[in-house]
Structure formats: structure tokens, C-alpha cells
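Structure record follows, encoded as C-alpha cells.
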Amino acid sequence: MNDIFISSISINEVRNTKELEIPISSDERKHLIITGRNGSGKTSLLVELQKYLSAVIQESNISFLANVIRRRDYLIYEKNEVIKNHTPESMSSYTTEIEAVNKEIKALTGVSISFNHFNEILSNFNSGKFIVASFDSKRNSKFNVPSGINKIKFKRNYNPREHVGADFIQYIVNLKADRSFARDENETDVVREVDSWFANFERNLAELFSDPQLKLSFDRKNYNFNVLETGKEPYNLNQLSDGYSAVLSIITELLLRMESSGAKSYDVEGIVLIDEIETHLHIELQKKVLPFLTTFFPKLQFIITTHSPFVISSIENAVICDLEKRIVTDDLSGYSYDTLIESYFEADKYSSILKKKIAEFEYLSSKEELDEKERDQLRELRKYIDDVPKFLADELAVKIQQIQLRTLNKNK
1362 MNDIFISSIS INEVRNTKEL EIPISSDERK HLIITGRNGS GKTSLLVELQ
1412 KYLSAVIQES NISFLANVIR RRDYLIYEKN EVIKNHTPES MSSYTTEIEA
1462 VNKEIKALTG VSISFNHFNE ILSNFNSGKF IVASFDSKRN SKFNVPSGIN
1512 KIKFKRNYNP REHVGADFIQ YIVNLKADRS FARDENETDV VREVDSWFAN
1562 FERNLAELFS DPQLKLSFDR KNYNFNVLET GKEPYNLNQL SDGYSAVLSI
1612 ITELLLRMES SGAKSYDVEG IVLIDEIETH LHIELQKKVL PFLTTFFPKL
1662 QFIITTHSPF VISSIENAVI CDLEKRIVTD DLSGYSYDTL IESYFEADKY
1712 SSILKKKIAE FEYLSSKEEL DEKERDQLRE LRKYIDDVPK FLADELAVKI
1762 QQIQLRTLNK NK
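So in the numbering used here, spot 362 of the sequence shown is number 1723, and the numbers just go up one at a time.
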């Protein structure tokens, strides 16, 4: 079976962005990271992509747009076959038809999407072998706590905005029950399979939480699970911090969407849209979230928006698109955080007063010798900066740490 993924996106008109091509890859699954300052249209682009993908996965007799898209991609396929068969005289008619169909698409949508294998998407989606999911910037995990063992009625497929993740605790309670029944009936294969699932999930949680000793403990009397983290009191999955809750809401939603296919290895294909993936995440989690998701779900293609240089540089197999500057580039993982932070710090995200004070702080900190007035000024600036609530902006905190580190190195 061929891998299915988005190979390119054409922005016809989305907010302030017009006529922009975003080539991704026709040969391999690559992720897309969309950046740009507030107001550049990142969220609007995700909304348009969601609309387009929703049309693609609808039955062909329902959606005219889906029919138009299929017509376009079939013509491209035929044209490529003509090229392979060395009959260039037939190509011009296909090219003309493709251009005409593309015009229809542009008139109907703000974007158009090209896939490497379009014709297989609908059948794979209908059979639960391809998922499309969308997450907005306001997310956290709010799990229903079960009162017993109750079967979850999974659907074969879900629309992008549907949610099934709230039943995750019920799902893992049921797994524990299945294991118990299987053990009583001496079904050792089932016992091993469930044990392997929990060991793998626990191992992934331990990596996410940066705690190798983390355990997931079953509270069988209350049909719930507790997280046992080193040096902390036990807590349940509804008591997570906002950052971990935001990440877990994505993981559990995708896990349960894949359940209908029975893919316990979670290698179902699909496309996942995530707006402002860094929401609520501290710096270490910003560095980790995208590598974690792409490893946990190896066949999903993630299209995300972010302001964070730590997210942008976190993976290699991604294309980065700056909507504001209309720049599309490959792989910023080799760039230092310093370089990316310097670039992002130029954005009008902070007040001119704050930017001026930090510039003065950087200048005075770098000077070899200071007079008495400058030393007083530096002390005042240091106090001002120490009082800035840096938890509101991670890149600002790192910028200040960067200046302080240079000062320490200078004074050695």
C-alpha cells in the first residue's frame, strides 16, 4: 500500500496571504510548520485546510468540491502516465484541462491541496485506515471517569472536529478488564498484548515527563488511573498541569481514533492540524512535543502553527513556511537557538519600552568598563528585568539568559 500524504499546498487567498505555493515533498512524508507574527493568517490557513480536507473525505456524491478535486488529481495522474509512455503530443490537452479545473478549485476555496496518492484517500478513510484531525489552540484533556466496565462504541471514522479522546480512561480501564478475563481463561497472547500496550504507553509518558521512574497505577476501586511521578504525590489524569494536559489531549484523541482499525502500534496514516502547538508548554516541552508526536504516530503528517523557535528547530523532516515573509524553507534543526531567538525577538511582540531596556541592558553588559553612572543604570536595568514575568514568554527568558551568559563568560 502506498503512503499517502500532502505533497504541496497552494494558497489562493487566506486573510493577508495571496497566491503562495508551499511545496512540501512528493517523495516522502514531511511535516509542515507554519509561522509568522500574529495577524499573518496562520490560524485562518489551518481553518481553510480543514475545510478542504473535510470536503475530500466526504462521499463523492455529496460534495461538488470533492468531485472537482478528484477530477484535477486524476488529470494530473493521466498526464504523468502520458509522460511515461512518451506521447508528448497528448500532453497539451491534459495541461489545459488541469488549468481549468484548478481555476474552479480557486473559485471555491482559499486553498488547494495536492496529494501524492489522492485516489486512495476516500476508501482508506471510510475503512478507518486514514484519519484527519484538527486541534485548535484552546485544548486540554478532560477525561470522563467511568463508573465501571462499559464498552465504547467506536466509529469507523471521525470528522476532523469530532472528539472521542474524553473516553480514554474508560478505554484503558476496559483494557485492564480484558487482561483480567484473558488471564482467567488462560489466553496468554491477550495478556501479553495488553501488558505490552501498557508498558509502551508508560514508557512514552516517562519520556514526555522526563522521569524514567514514572508509573501509571490502576485504581481498580475507583476505575481510574494515577500517575506516580518521582518526588510527587500521586495524581490522576485530570489533574495534569496545563502543558501536559494540552499534549495528552492530542495523544489520547489520536490513539482512540486509531482504535477502530485495531492498530495497537498506532501506525495508521493521516493528517493532523494543530494550532499554536506550543500553548501552555515550557521550553523543554516545546523542544520535545513535535519529535514525540512524530515518533509515537510515525505515519501521521503534522501541519502545525507556532511562534516558538524551539518548536521550529525541533525536527529535521519538516518544511517551514513563514506566512508573513512568504518564505518556505527546509529543516531549521541545524540552526542554533541563538540565531532563531534573535530573529523572533525582532517581532513586534513586546512593547518598545521593554525592547529598549533589554537593548540597553545588552549594551551595558557587553562593555569592558563602566563609569559610575553606567553601573547605576545597569543595576536598575537588572532589577527591572528581574521583575519582568518571563514565564509569559519563553523566548524572552532565553534572550535575557543569553545576555547574562555572555557577561559571565566575559568576566571569567
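Idealized CB from N, CA, C, for every residue including glycine.
| Excluding the five sequence neighbours on either side, which residues of its own chain have a C-beta within less than 6 Å of the C-beta of Glu1590, listed in chain order? | Asp1572 and Leu1575
| Where does Ala1708 land, buried or exposed, given buried means 16+ other C-beta within 10 angstroms? | Here Ala1708 scores only 45 on pLDDT, less than 50, and its place in the model should not be relied on; the value that follows carries that caveat. It is exposed - the Cβ of Ala1708 has fewer than 16 other Cβ atoms within 10 Å.
| The beta strand (DSSP E) spanning Thr1378 covers which residue range? | Thr1378 to Pro1384
| Distance between Ser1495 and Pro1659 (C-alpha atoms, nearest Å) | 17 Å
| request: Quick one: grab the DSSP three-state call for Gly1592. | output: coil
| Among Ile1474, Asn1480, Glu1442 and Asp1434, the one whose alpha carbon lies nearest that of Glu1458 | Asp1434
| said: So, with DSSP's three-state summary, where would you put Ser1401? | reply: coil
| said: Classify Leu1407: buried if its beta carbon has 16 or more other beta carbons within 10 angstroms, exposed otherwise. | reply: buried
| query | Given Arg1618, which residues of its chain have a CB within under 7 Å of its CB, disregarding the five upstream and five downstream residues? | reply | Ile1492, Ala1494, Tyr1519 and Val1525
| field | Boundaries of the alpha helix (DSSP H) in which Ser1610 is found, first to last residue | value | Asp1603 to Glu1620
| query | In whole angstroms, what separates the C-alpha of Ser1602 from that of Tyr1596? | reply | 11 Å
| message | Check this for me: beta carbons of Ile1418 and Phe1486, under 7 Å apart or not? | response | yes
| Is the stretch 1499 to 1506 touching the stretch 1543 to 1550 in the sense that three or more CB pairs, one from each, lie closer than 8 Å? | no
| C-alpha distance - Arg1522 paired with Thr1656, whole-angstrom precision | 23 Å
| field | Other residues of its chain near Tyr1402: CB distance less than 6 Å, five sequence neighbours each side excluded | value | A small correction: the amino acid at residue 1402 is Gly; Tyr does not occupy that position in the sequence shown. Excluding sequence neighbours, Gly1402 sits near Val1375, Arg1376, Asn1377, Thr1378 and Leu1684.
| query | When DSSP builds the beta bridges, which residues end up paired with Lys1576? | reply | Leu1589
| request: Would you kindly work out how many angstroms separate the C-alpha atoms of Asn1535 and Gly1631, rounded to a whole number? | output: 26 Å
| said: Per the DSSP calculation, Asp1691 is bridged to which residue(s)? | reply: Val1680
| Just curious, the beta strand (DSSP E) that Asn1373 is in, first and last residue? | Ile1367 to Val1375
| task | In the DSSP assignment, find the alpha helix (DSSP H) that holds Gln1531 and state where it starts and stops. | result | Phe1529 to Asp1545
| query | Among Leu1598, Lys1512 and Glu1568, which residue has its Cα nearest to the Cα of Phe1579? | reply | Leu1598
| query | Within 10 angstroms of its Cβ, does Tyr1724 collect 16 or more other Cβ (buried), or is it exposed? | reply | exposed
| task | Could you tell me how far apart the beta carbons of Val1472 and Ile1370 are, in whole angstroms, since I believe they sit closer than 8 Å? | result | 6 Å
| task | Assign Val1472 to one of three DSSP states: helix, strand, or coil. | result | strand
| query | If you draw a straight line from the alpha carbon of Leu1766 to that of Glu1721, how long is it in whole angstroms? | reply | 16 Å
| Cα separation between Arg1544 and Lys1512? | 19 Å
| query | In its own chain, which residues sit with a C-beta less than 8 Å from the C-beta of Asn1775, not counting the 5 before and 5 after it? | reply | The requested residue 1775 is not part of the displayed model; the chain covers only 1362 to 1773.
| query | Looking only at C-alpha atoms, which of Arg1431, Tyr1584, Ile1673 and Leu1661 sits nearest to Lys1391? | reply | Leu1661
| query | With 16 other CB atoms within 10 Å as the buried threshold, where does Asp1636 fall? | reply | buried
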